Amino acid sequence: MKSSTVQSITGLGLFLFAGLHIGGHSIAPISLRGANAALFAVREVVQHPVTEVVLFAGVTAHLGLGIANMVSRRFRGMSVFRYNPPTSVPLASNDSLCFAYMTPHVLCRATALILAVTVPLHMVSSRILPSFVFTPPQQIDLAHVAHSMNDFKNHPIVSSLLYPYYVVLGSAGLIHGVLGISQTFRNIKKPEHTWSSKQMLLTSLKWVEKNKGKFSVAAVGWMALTMLAINGWAGPVGGDRIYVSRAASTAMETLHTKTLASLSFNLL
2 MKSSTVQSIT GLGLFLFAGL HIGGHSIAPI SLRGANAALF AVREVVQHPV TEVVLFAGVT
62 AHLGLGIANM VSRRFRGMSV FRYNPPTSVP LASNDSLCFA YMTPHVLCRA TALILAVTVP
122 LHMVSSRILP SFVFTPPQQI DLAHVAHSMN DFKNHPIVSS LLYPYYVVLG SAGLIHGVLG
182 ISQTFRNIKK PEHTWSSKQM LLTSLKWVEK NKGKFSVAAV GWMALTMLAI NGWAGPVGGD
242 RIYVSRAAST AMETLHTKTL ASLSFNLL
């Protein structure tokens, strides 16, 4: 099996998980309790031992093959990013200026580099390290995310960086996933029926490629709004706020402190 085929298969699987994960978080501007419930519902499936092994294997294979491909291109004297010369590329009237000369392939690889750093960090801080602190680790929810972003008293630098980190992580995942699927399905023959589900999917993906700038801005904007709602800076208030008991707050602070200490080698 070709490495490109393995990347396509693992990419589709990872995008399905990312869609459920980010989609659950995206309920936050409407209902924080709904977003929290969606998080636990997804965990019922994702944190099953078999599913978790498959997921970790998929992430490792997808990331490993992507890095190997980039390294191979460099050794062959090829650029990791393939930019078309501005003189040979017409300005896209339906896209923003900063994305006009950037092909979907280049944008997909650029977001891949971002995810190569942010995804492993997210996995370590939200799944691996908590398993050594919480029993069971499923106690971690969106309240912990909000607590981490607001812990300016104890960790001002990290707390101030977490909001843009989550926005970049989520939006890069959406952009990379949709553009990756678009490249995978590019050679699929369009069905005869205009309104078939397959035709609608291919048409939607084609629109994203032509309007990658608008889609990227929309993805960043939606993730920014979602994280604002989770953090309590926007979105529903009052009875819809996530209830946090004193015991849970203490446990979250313990987890937060140990996580930062582990990731920073006790420098933070």
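With the numbering used here as the guide, the letters of the sequence shown map in order to residues 2 to 269. From the three backbone atoms N, C-alpha and C, an ideal C-beta is built for every residue, glycine too. Quantities reported herein were computed from a predicted structural model and do not represent experimental measurements.
So residue i packs on residue j, CB below 8 Å; how close in whole Å?
{"i": "residue 29", "j": "residue 67", "result": "Not really, about 30 Å apart at Cβ, beyond 8 Å."}
{"i": "residue 109", "j": "residue 40", "result": "At roughly 27 Å, the Cβ-Cβ gap does not stay under 8 Å, so residue 109 and residue 40 are not in contact."}
{"i": "residue 43", "j": "residue 21", "result": "5 Å"}
{"i": "residue 230", "j": "residue 56", "result": "That pair is no contact at about 26 Å."}
{"i": "residue 232", "j": "residue 164", "result": "7 Å"}
Is it the case that the Cβ atoms of residue i and residue j are separated by a distance below 8 Å?
{"i": "residue 186", "j": "residue 170", "result": "no"}
{"i": "residue 120", "j": "residue 60", "result": "yes"}
{"i": "residue 162", "j": "residue 117", "result": "no"}
{"i": "residue 8", "j": "residue 105", "result": "no"}
{"i": "residue 224", "j": "residue 168", "result": "yes"}
{"i": "residue 176", "j": "residue 220", "result": "yes"}
{"i": "residue 26", "j": "residue 38", "result": "no"}
{"i": "residue 141", "j": "residue 126", "result": "no"}
Quick one: using the 10 Å Cβ neighbour count with 16 as the cut-off for buried, is residue i buried or exposed?
{"i": "residue 227", "result": "buried"}
{"i": "residue 91", "result": "In this prediction, residue 91 scores a pLDDT of 46, lower than 50, which makes its location untrustworthy; the coordinate-derived value is nonetheless stated afterwards. The residue in question, residue 91, is exposed, as its Cβ has fewer than 16 Cβ neighbours within 10 Å."}
{"i": "residue 144", "result": "buried"}
{"i": "residue 132", "result": "exposed"}
{"i": "residue 236", "result": "For residue 236, the predicted structure reports a pLDDT of 44, less than 50, and the residue's modelled location is therefore unreliable. A value from the coordinates is still provided. Under this definition residue 236 is a buried residue."}
{"i": "residue 3", "result": "exposed"}
{"i": "residue 49", "result": "exposed"}
{"i": "residue 31", "result": "exposed"}
{"i": "residue 178", "result": "buried"}
{"i": "residue 150", "result": "buried"}
{"i": "residue 174", "result": "buried"}
{"i": "residue 205", "result": "exposed"}
{"i": "residue 5", "result": "exposed"}
{"i": "residue 217", "result": "buried"}
{"i": "residue 73", "result": "exposed"}
Verify the contact flag: residue i, CB atom, against every heavy atom of the ligand SAH, threshold strictly below 7 Å.
{"i": "residue 9", "result": "Among the ligands in the structure shown, none appear at all, so the ligand SAH cannot be discussed."}
For the pair the segment 202-220 and the segment 11-20, tell me if three or more CB-CB distances fall below 8 Å. Taking 8 Å as the limit for Cβ pairs, the verdict is that the segment 11-20 does not touch the segment 202-220.
Determine contact between the segment 212-221 and the segment 145-158, defined as no fewer than three beta-carbon pairs at a distance below 8 Å. Judged by pairs of C-beta atoms under 8 Å, the segment 212-221 does not touch the segment 145-158, as fewer than three such pairs exist.
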